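Mind the numbering: the sequence shown is residues 1317 to 2025 in this note's numbering, read in order. Before any comments, here is the structure.
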Amino acid sequence: MHTFTSLRRRTLAVLALLLSAALAARAQFATPALDGTITAAEYSGNNGGTWYLTWDDTYLYIAKTDGNAAEQTLIYLDVDPVLPATSGSNANGNTAGLNDYNMTPNLPFRADVRVYMQNSYIEFQTRNGSGGWGGFSSPSTGNIELLRSGNNRELRIRWASLPGLTGRPASFNWLGMQGSTGSPSFIYDQTPGANYAGNSSSTPDFRYYFTVSSTANGAATNPFSRTSFTYANAANLNLGALSLYDFSLNAPGGSVTRTGGAWTVDGSLVMLNGTLDFGSSSTALTARNVAVGGNSTLRLSSAIGGDLNVKGNLSIVGTFQPNNRSVDLTGTTQSISGGAPTTPIVFDYLNVGGSGTKTSTALLTVNQALNFQGGILSTGTQTLTLAGNATLSETATSYLRGRLQMSRDLSQVGTTYTYPDGLQLTPRAAPLPGLTTALRTTGTAATGDAGNASILRQYQLTAPTSTGLRYDVVFPYRDAELNGIPAANLYLYRSATDGAPWQPLPGASVDAGGRTVSRPGLTDLGTLTLGNAAAPLPVTLLGFAAEGAGPAAVALRWTTAQEKNNAGFGVERSVDGRNFTPIGTVAGAGSSSSARSYRFVDAGARRTTTLYYRLRQTDFDGTTAYSAVAAVAAAATALQLVPSPAHDWLSVTAAGDTHAPAATVLDLQGRIRLRGPLYHGQARLYVGALPAGVYVLRVGGQTARFLKQ
């Protein structure tokens, strides 16, 4: 019975707390009477002392008790807030207040409104858009009204009378103070209470203010609950523990240094100018959003524990110095942005936690460790690079989706090199590849010619030496990446071009329990993926070549990696590279998962000019596709043109005209398009600027045709 009673009391206490919070949010939206009686119940928003504030759709209500009504009371409002709070232009408001009793405050936001009360006198001024203040506005029924009863003062201001407003703003910033009529004015009863007090300066810095992030009825912010801070001085400021809503640093030539104690920023930490230095603090800074502007520097702590914990979005355009500390992403839906198109944001330790998907639109580099503790980091078209020996820790449900780049120096025969995600490469003989970069892409499938898809993972392998190798591979995967393919059907494929055609690599073994596919004896790097042996990534041509076989014959050879529903090949010939004529057919293999080689001899070729060949591949359902064009030079000419088709450069050898001065390129209309000097019968011509087509090359009395692609 005692246990039940205790549980019931705790439950009722929790419900009461939740109800109180809900009522407090609704209570901010109120319409108090201007009657000289001021209570917390009427205003709801109270600093626990002498200041009260609330609003409705039409008016802002401010009340002040105690103090001396004969002395000045000042209120500054920012009704179109920006971050950093002093950024923007004079059109957004003023960063300096008005001179009152030889006291001109430096404000922590761009103020739009100044309200002045003394005895029963009231005035308010608004920004003039040029950094100054407009003329005094006296009370008027419906716009600004003051009721004084002793030292109690109640004020209401029509929202629509404030600059840029037609009604209640969505949010606003504000601060208040009371001051003597001495010179300079002695400031007291300031709110927020952490602000300047006294009369030691005629231009005091007010760095704290209240942020009302929502004025909505039913979801309004308590006007005293969110204290924000701005630093805008060209000097260093040391700060201990802080608990804030927004933190703004807009201090060209200035800096803020943490001296210890935890920092909590429940809203946004925004830097436009200046340096925020974590110093040697051993406690973390936790913020919802962090933005490092282009003229600012964020330097993490030199001590263990002085990390950065981000619950919302992280934007780094300026300088970020991780200093061997970690950045922890602990929210739900988050983003990382900033950086230049070719300059990454560099972390030492990056921990991905919380839940949901975090999205990066910037290049990222991690020097030490990338750890996944919850949620997914999606890089989209950007790349995260694990530098040097940086480590990676992923789980089945928390991992990187997108592009991940890693490198290992494959410099010893027989040594197995393990990449951070578990990919293994073992060179078995010379030559050795050297520094081998693996670009892992996950979340998307590679697609073959017939639309069959791979698993949701590929590795693009590049190195100084990429062919003529002998190496083994262990290809890891996650179950969630199988893309509907049974693990028992996994088959290794390779592409030389990071796309079709895909070459099957038989002889691989599948370890479904270990989630790996292993294959020994690969000879070339390229892009590797896993497909379905029962639905291959169809290919087709690996190579197609034509070569002379005497004065009246041309031999054609081609190879397929695998075939699916291939009825056969039609062989076509052309003398101009544009108009082709069928000259024969070769039957296909139907469906095959192994490489096939084909040969066809054109015995009726008249090799008095350059001849062009292509293949017309036909499926059983009638679908057709054409190969690239292969060319063979005329047999009778003493001119040798390499390559043909040509793309950029054309090498010319004129065996019979070693003394001719030049090689000339003409189009088929006989117009000279290009001329280059001939040295000892040889020339090298740049033809990259020529339009695609057939051209004639002339050296002395000899001519030959070539195809420019």
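Ideal Cβ placement from N, Cα and C applies to all residues, glycine included. Everything numeric in this text was worked out from a predicted model, so none of it was measured.
*Going straight from the alpha carbon of R1469 to that of Y1375, what length do you get?*
To locate residue 1469, count along the sequence shown from 1; it is residue 153. To locate residue 1375, count along the sequence shown from 1; it is residue 59. Taking the straight line from one Cα to the other gives about 16 Å.
*asked:* Whole angstroms are fine: how far does the CA of R1835 sit from the CA of G1823?
replied: Locating residue 1823 in the sequence shown gives position 507, where the first residue counts as 1. Locating residue 1835 in the sequence shown gives position 519, where the first residue counts as 1. Going from the Cα of G1823 to the Cα of R1835 covers about 6 Å.
*Can you tell me whether P1898 is buried or exposed, with buried defined as 16 or more other CB within 10 angstroms of its CB?*
Numbered from 1 along the sequence shown, position 582 holds the residue referred to as residue 1898. Answer is exposed; the Cβ neighbour count stays below 16.
*If we count the other Cβ atoms within 10 Å of its Cβ and call it buried at 16 or more, is S1723 buried or exposed?*
As a first step, residue 1723 is located in the sequence shown; it is residue number 407 there, counting from the start. The residue in question, S1723, is buried, as its Cβ has 16 or more Cβ neighbours within 10 Å.
_Here's the rule: buried if 16 or more other CB atoms are within 10 angstroms of the residue's CB, otherwise exposed. What is L1339?_
As a working note, residue 1339 is residue 23 in the sequence shown. With a pLDDT of only 38 at L1339, under the threshold of 50, the placement of this residue in the model should not be trusted, and no figure is reported.
*Secondary structure of L1333, DSSP reduced to three states*: Taking the sequence shown and counting its residues from 1, one reaches residue 1333 at position 17. Bear in mind that a pLDDT of 39 at L1333, under 50, signals an unreliable position, so the model cannot answer this.
*Express the C-alpha separation of D1737 and R1756 in angstroms, rounding to a whole number.*
Here residue 1756 refers to the residue found at position 440 of the sequence shown. Here residue 1737 refers to the residue found at position 421 of the sequence shown. R1756 and D1737: Cα-Cα distance of roughly 9 Å.
*Straight-line CA distance for F2022 to L1726?*
Stepping through the sequence shown from its first residue, residue 2022 is reached at position 706. Stepping through the sequence shown from its first residue, residue 1726 is reached at position 410. Taking the straight line from one Cα to the other gives about 42 Å.
*Would you please state the rounded distance, in angstroms, between the beta carbons of Y1775 and L1844? I believe it to be under 8 Å.*
One-based indexing of the sequence shown puts residue 1775 at position 459. One-based indexing of the sequence shown puts residue 1844 at position 528. Rounded, the Cβ-Cβ distance is 5 Å, consistent with contact.
_Here's the rule: buried if 16 or more other CB atoms are within 10 angstroms of the residue's CB, otherwise exposed. What is I1988?_
If you number the sequence shown from 1, residue 1988 lands on position 672. By the 10 Å Cβ count, I1988 comes out exposed.
*In or out: E1863 buried (at least 16 other Cβ within 10 Å) or exposed?*
Residue mapping note: residue 1863 aligns to position 547 of the sequence shown, counting from 1. By the neighbour-count rule (16 or more Cβ atoms within 10 Å), E1863 is not buried but exposed.
*Note the first and the last residue of the continuous beta strand (DSSP E) segment covering Y1432.*
If you number the sequence shown from 1, residue 1432 lands on position 116. Run containing Y1432: 1429-1434, per the beta strand (DSSP E) assignment.
_Considering Cα atoms alone, identify which of D1827, A1950, R1831 is closest to A1868._
Against the sequence shown, residue 1868 aligns to sequence position 552. Closest by alpha carbon: A1950.
*Pick out the complete beta strand (DSSP E) segments inside the stretch 1913-1989, 3 residues or longer, and give them in chain order.*
1927-1935, 1940-1942, 1946-1948, 1955-1958, 1965-1970, 1978-1982
*Along the chain, where does the alpha helix (DSSP H) that runs through Y1512 open and close?*
Here the question's residue 1512 lines up with position 196 in the sequence shown. Looking at the DSSP string, Y1512 is not in any alpha helix (DSSP H), and its letter there is neither H nor E.
*Compute the beta-carbon to beta-carbon distance between L1693 and S1676, rounded to the nearest angstrom, for a pair I have assumed lies under 8 Å.*
In the sequence shown, residue 1693 corresponds to position 377, counting from 1. In the sequence shown, residue 1676 corresponds to position 360, counting from 1. Going by Cβ atoms, the distance from L1693 to S1676 rounds to 7 Å, so yes, they are a contact pair.
_Residue from A1706, Q1878, F1563, G1480 with nearest C-alpha to G1445_ = The residue you call residue 1445 lines up with position 129 of the sequence shown. Ranking A1706, Q1878, F1563, G1480 by Cα distance to G1445 puts G1480 first.
_Contained beta strand (DSSP E) runs [length at least 3] in the stretch 1710-1797, N- to C-terminal order_ = 1716-1726, 1740-1743, 1750-1758, 1773-1778, 1787-1792
_According to DSSP, simplified to helix, strand and coil, what is W1475?_
As a first step, residue 1475 is located in the sequence shown; it is residue number 159 there, counting from the start. Note: W1475 maps to helix in three-state DSSP.
_Is it buried or exposed, L1585, if we count other Cβ atoms within 10 angstroms and call 16 or more buried?_
Counted from its first residue, the sequence shown places residue 1585 at position 269. Counting of Cβ neighbours within 10 angstroms places L1585 among the buried residues, the total reaching 16 or more.
*Find out if the Cβ-Cβ distance for the pair T1370, A1346 is shorter than 8 Å.*
Along the sequence shown, one-based indexing puts residue 1370 at 54. Along the sequence shown, one-based indexing puts residue 1346 at 30. Yes, they are a contact pair.
*Which listed residue (T1602, A1796, T1580, T1591) has its alpha carbon closest to that of A1712*: The residue given as residue 1712 occupies position 396 in the sequence shown. Measuring from the Cα of A1712, the nearest candidate turns out to be A1796.
*Would you call V1870 buried or exposed, if buried means 16 or more other Cβ atoms sit within 10 Å of its Cβ?*
In the sequence shown, the residue the question calls residue 1870 occupies position 554. V1870 is buried by the Cβ-count criterion.
*asked:* Counting beta carbon pairs with one atom in the stretch 1598-1615 and one in the stretch 1574-1589, are three or more of them shorter than 8 Å?
replied: Result yes; three or more Cβ-Cβ pairs closer than 8 Å.
*Which runs of the alpha helix (DSSP H) spanning at least 4 residues fall entirely within the stretch 1855-1917, listed in chain order?*
none
*Which residue or residues does DSSP assign as beta-bridge partners of Q1494?*
Walking along the sequence shown from the start, residue 1494 turns up at place 178. For Q1494, which the question treats as bridged, DSSP gives the partners T1389, Y1504.
_Buried or exposed by the 16-neighbour rule on C-beta atoms within 10 Å, applied to G1893_ = To locate residue 1893, count along the sequence shown from 1; it is residue 577. Under this definition G1893 is a buried residue.
*Kindly indicate which three-state DSSP category N1468 falls into: helix, strand or coil?*
The residue given as residue 1468 occupies position 152 in the sequence shown. Strand.
*Does the separation of the CB atoms of L1957 and V1981 fall below 8 Å?*
Reading the sequence shown from its first residue, position 641 is the one you call residue 1957. Reading the sequence shown from its first residue, position 665 is the one you call residue 1981. In this structure, V1981 does not lie closer than 8 Å to L1957 by Cβ.
*With a threshold of 16 other CB atoms inside 10 Å of the CB of Q1728, please say whether the residue is buried or exposed.*
Locating residue 1728 in the sequence shown gives position 412, where the first residue counts as 1. Exposed, since its Cβ has fewer than 16 Cβ neighbours within 10 Å.
*If you draw a straight line from the alpha carbon of P1508 to that of L1708, how long is it in whole angstroms?*
Numbered from 1 along the sequence shown, position 192 holds the residue referred to as residue 1508. Numbered from 1 along the sequence shown, position 392 holds the residue referred to as residue 1708. C-alpha separation (whole angstroms): 46 Å.
*If you draw a straight line from the alpha carbon of A1911 to that of T1673, how long is it in whole angstroms?*
Locating residue 1911 in the sequence shown gives position 595, where the first residue counts as 1. Locating residue 1673 in the sequence shown gives position 357, where the first residue counts as 1. Their Cα atoms are separated by approximately 42 Å.
*Collapsed DSSP secondary structure at Y1524 in the structure displayed*: Stepping through the sequence shown from its first residue, residue 1524 is reached at position 208. Y1524 falls in the strand class under three-state DSSP.
*Note down, in chain order, each residue of its chain lying with its Cβ closer than 6 Å to the Cβ of F1885, except the 5 sequence neighbours on either side.*
As a first step, residue 1885 is located in the sequence shown; it is residue number 569 there, counting from the start. Contacts found: V1902, L1931, Q1933.
_On the DSSP bridge list, what partners appear for W1367?_
Taking the sequence shown and counting its residues from 1, the one referred to as residue 1367 is at position 51. In the DSSP output, where bridge partners are listed per residue, W1367 has K1380.
*Evaluate F1594 with the Cβ neighbour count: other Cβ atoms within 10 Å of its Cβ, from every protein chain shown; 16 or more gives buried, anything less gives exposed.*
As a working mapping, residue 1594 is identified with position 278 in the sequence shown. Counting Cβ neighbours within 10 Å, F1594 comes out buried, since at least 16 surround it.
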